[in-house]
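Quick note, the sequences are listed as chains A and B, same order.
The working numbering applies: residue 493 is where the first sequence begins, and numbers increase by one.
The working numbering applies: residue 3 is where the second sequence begins, and numbers increase by one.
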Amino acid sequence: MAAQNPLLEVRHLRVEFPTRRGTLVALDDVSFTISAGEVLGVVGESGAGKSMTGAAIIGLLEPPGRIAAGEILLDGRRIDNLRYEDMRRIRGKDIGAIFQDPLTTLNPLYTVGRQLAETMTTHLPITPAEARKRAIGWLDLVGIPAAAQRIDSYPHEFSGGMRQRVVIALALCAEPRLIVADEPTTALDVSIQAQIIALLKSLAREKGTAMMLVTHDMGVIAETADRVAVMYAGRIAEIGPVRNVVKQAIHPYTVGLMGSIPPLDRRVERLAQIDGAMPRLSAIPKGCAYNPRCPKAFARCTEDRPDLLPAGATQAACWLYAGEGKTNG
Amino acid sequence: MPAALDLEFSPLFAFIISRILQALPVMLTVALISFAMFAYVGDPVAIMLGQDFTEAQRQALVQDLGLDQPFWVQFGTFIGNAIQGEFGLSYRLSRPVSDLIAERAPATLELAFCAAAVALLIGVPMGVYTGLYRHSWLSRFFLTFSLIGVSLPVFLIGILLILVFAVWLGVLPSFGRGDTVKLGWWSTGFLTWTGIKALVLPSITLGLFQLTLIMRLVRAEMLEVLRTDYIKFARARGLPNRAVHFGHALKNTLVPVITIVGLQLGAIIAFAIVTETVFQWPGMGLLFIQSVNQADIPVMAAYLLLISALFVTINLIVDLLYYAVDPRLRLGRGQGAH
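Next up, the structure:
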């Protein structure tokens, strides 16, 4: 995962929602890269901007949301300012997407085979007959038993887990190099979650597909991701290799997040919890957005907003590490 | 796979049979109510005899019409004849009711067909357009225009159209069907130029309300469907807009649209009365109004029975269309798979 020629590069991305009461800044100065074949986990509370980042990358921000500043580059080519039709050709073909709820992601009126075939014939120079053949292959690959018989089934004839497998096949069938997976297991039974994650992981490795895995499940991140970005109130609080972030979190927010996961290997009287709630977009405090909840906040935190700074093996947006010398606490 | 075919058809067949069986009591009730109501709304004997008559003449006529029989016997006779397609003689015209209706039905059905075509072929695309481009000035114009269509009464629209196109511009006829051509018992206005011209104004008048209704319904459903995850996912898969809008989105709006269109089609045929009166259209509606004036019970009862049969049939077709559109309703299928 060297820095040379990342597959996806997001630079200083800012997403705004103009409303009657003024402009809300949903994402502010978000920068990160994903290399070919790499899995970047994105964690954070609801509303931190994880899904918004994914939507911005695939160019499907809900209006009136819009990219106000920054750029998104795929293979060094800007994709954030493309016309709808040009971006459409990239969606599915270069960047696949997986959504949260498999029960609502598939069109109920079309067979899964038709939905797979139309995706492939849209992006690949193949005949409908060939697309159908490949569709069966994909269903088989994502672990649907008797794929050749199930190809003409409708989504409602599958269980939730099976439907998410179909969604994965749909995201991968035009062989994109990047998958944006937005909470792919959140809506599933716990027993199914592990299967789906394992499937995603093995398929991504097999096809060399990079993945941006949005979730609030640290367990999924720890198991799947190479690097992880922790988001808070529309910004990246900390980003780095998954081992470092999980084991030696730098940013006080990440520390709090990790502290709230029950450890399995020892008993704890009480889980650490982060007091308060994430601020609403309309009321993000001055300085570091985390300062009202931060146990280590000091004067500067309420004044200036910290940028991502190198801190040990990771980068953290925290004034505690501004002086570079005092790494790790 | 013959076994699969069996599975697929037998529940559908059973469904149709059960629907027809359910329809029978409905139609019997309609027949009873209409027959009973009309038995008390006027005295056909007095109307038919006019001013001068003897008691003997009156008695003879009452016996002739079977009005001396008890109510249930009259009703039973009526139903018995109706099943054989006989609705008796019109009191007013002294001709078989079935002949009168067969004469008038083509006019009404052709008018209803054109009105429905106007409503669908213009209403659905306008609904899709206003759903997709909510903020364009054309959408705003369509919506304003649809308010006019919804709020103006039918007779006023008809009269305004006559004023503009028949009186001022003189390009279209203001009444009647124009020349018709006989095809067997069916008389059609589609084959002559005057017949087609005569259809224009009444069709617009009758279809305008339905058009605006369908447009608003399709628009509302499109807005709803465009927000769903499967449409977002279809976009995320990079499908072309045409496929997303007219394939994925429009098809998902169809179930409610079919329901309303079916009911409205019934309404177009049943309540063409006003339009037919305004344009002196020689259809069933006009026949009905004239029969009401003269307490012509057999005609009125037959007409209402026919309309109820029509609604029942349309409902059955609507239910069958649900089957065709939405696979989740095809219960017999896919059960065998695991």
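The beta-carbon is built from N, C-alpha and C at its ideal position, and this holds for glycine as well.
C-alpha gap between residue i and residue j, whole angstroms
| i | j | result |
| --- | --- | --- |
| residue 796 of chain A | residue 521 of chain A | 14 Å |
| residue 236 of chain B | residue 228 of chain B | 10 Å |
| residue 53 of chain B | residue 124 of chain B | 53 Å |
| residue 673 of chain A | residue 147 of chain B | 44 Å |
| residue 334 of chain B | residue 295 of chain B | Any answer about residue 334 of chain B is weak, because its pLDDT of 49 lies below 50 and its placement is not dependable; what the coordinates show is given next. Taking the straight line joining both Cα atoms gives about 52 Å. |
| residue 308 of chain B | residue 137 of chain B | 45 Å |
| residue 729 of chain A | residue 746 of chain A | 8 Å |
| residue 566 of chain A | residue 771 of chain A | 32 Å |
| residue 328 of chain B | residue 601 of chain A | 6 Å |
| residue 66 of chain B | residue 197 of chain B | 41 Å |
| residue 510 of chain A | residue 560 of chain A | 10 Å |
| residue 694 of chain A | residue 750 of chain A | 26 Å |
| residue 575 of chain A | residue 23 of chain B | 58 Å |
| residue 183 of chain B | residue 627 of chain A | 55 Å |
| residue 636 of chain A | residue 711 of chain A | 26 Å |
| residue 206 of chain B | residue 142 of chain B | 21 Å |
| residue 812 of chain A | residue 661 of chain A | 45 Å |
| residue 1 of chain B | residue 84 of chain B | A question about residue 1 of chain B goes unanswered here, because the residues of chain B that appear run from 3 up to 340. |
| residue 718 of chain A | residue 221 of chain B | 46 Å |
| residue 208 of chain B | residue 543 of chain A | 50 Å |
| residue 199 of chain B | residue 241 of chain B | 44 Å |
| residue 271 of chain B | residue 36 of chain B | 18 Å |
Bridge partner(s) assigned by DSSP for residue i
| i | result |
| --- | --- |
| residue 723 of chain A | A/728 |
| residue 98 of chain B | B/91 |
| residue 80 of chain B | According to DSSP, residue 80 of chain B bridges with nothing at all. |
| residue 36 of chain B | Answer is none; residue 36 of chain B lacks a bridge partner. |
| residue 524 of chain A | A/502 |
| residue 558 of chain A | A/508 |
| residue 189 of chain B | B/184 |
| residue 570 of chain A | A/565 |
| residue 46 of chain B | Its beta-bridge partners do not exist; DSSP assigns none. |
| residue 590 of chain A | A/673 |
| residue 733 of chain A | A/719 |
Chain B contact residues for residue i, given Cβ-Cβ distances below 9 Å
| i | result |
| --- | --- |
| residue 585 of chain A | 240 |
| residue 550 of chain A | 237, 238 |
| residue 581 of chain A | 240 |
| residue 615 of chain A | 239, 240 |
Reduced DSSP secondary structure (H/G/I, E/B, other) of residue i
| i | result |
| --- | --- |
| residue 507 of chain A | strand |
| residue 739 of chain A | helix |
| residue 643 of chain A | coil |
| residue 585 of chain A | coil |
| residue 207 of chain B | helix |
| residue 519 of chain A | strand |
| residue 603 of chain A | coil |
| residue 620 of chain A | helix |
| residue 177 of chain B | coil |
| residue 549 of chain A | helix |
| residue 240 of chain B | coil |
| residue 530 of chain A | coil |
| residue 341 of chain B | Because chain B in this structure spans residues 3 to 340, residue 341 of chain B falls outside the shown range and cannot be described. |
| residue 160 of chain B | helix |
| residue 139 of chain B | helix |
| residue 823 of chain A | What is shown of chain A runs 493 to 821, which leaves residue 823 of chain A out entirely. |
| residue 72 of chain B | coil |
| residue 565 of chain A | strand |
| residue 541 of chain A | coil |
| residue 197 of chain B | helix |
| residue 536 of chain A | coil |
| residue 155 of chain B | coil |
| residue 514 of chain A | strand |
| residue 221 of chain B | helix |
Under 7 Å by beta carbon: chain B residues contacting residue i
| i | result |
| --- | --- |
| residue 600 of chain A | 330 |
Contacts of residue i in chain A (Cβ-Cβ under 9 Å)
| i | result |
| --- | --- |
| residue 321 of chain B | Near residue 321 of chain B there are no residues of chain A at all, since even the closest Cβ is about 17 Å away, more than 9 Å. |
Residue i CB to nearest heavy atom of the ligand MG below 7 Å
| i | result |
| --- | --- |
| residue 129 of chain B | Among the ligands in the structure shown, none appear at all, so the ligand MG cannot be discussed. |
Interface residues of chain A facing residue i [CB-CB closer than 8 Å]
| i | result |
| --- | --- |
| residue 137 of chain B | Simply none; closest approach about 10 Å. |
Residues that residue i contacts on chain B, provided the C-beta gap is smaller than 8 Å
| i | result |
| --- | --- |
| residue 591 of chain A | 231, 234, 235, 238 |
| residue 662 of chain A | 235, 239 |
| residue 611 of chain A | 239, 240, 241 |
At which residue ranges does the stretch 741-813 of chain A contain complete alpha helix (DSSP H) runs of 4 or more residues, listed in the order of the chain? 744-751
>> Just to confirm the assignment: which complete alpha helix (DSSP H) runs, minimum length 4, are found wholly within the stretch 245-286 of chain B?
In response: 252-272, 275-280
What ranges does the beta strand (DSSP E) occupy inside the stretch 650-714 of chain A, keeping only unbroken runs of at least 3 residues that lie completely in it? 670-674, 702-706
- In the stretch 290-328 of chain B, which residue ranges form an unbroken alpha helix (DSSP H) of at least 4 residues, counting only runs that do not cross its ends? 299-327
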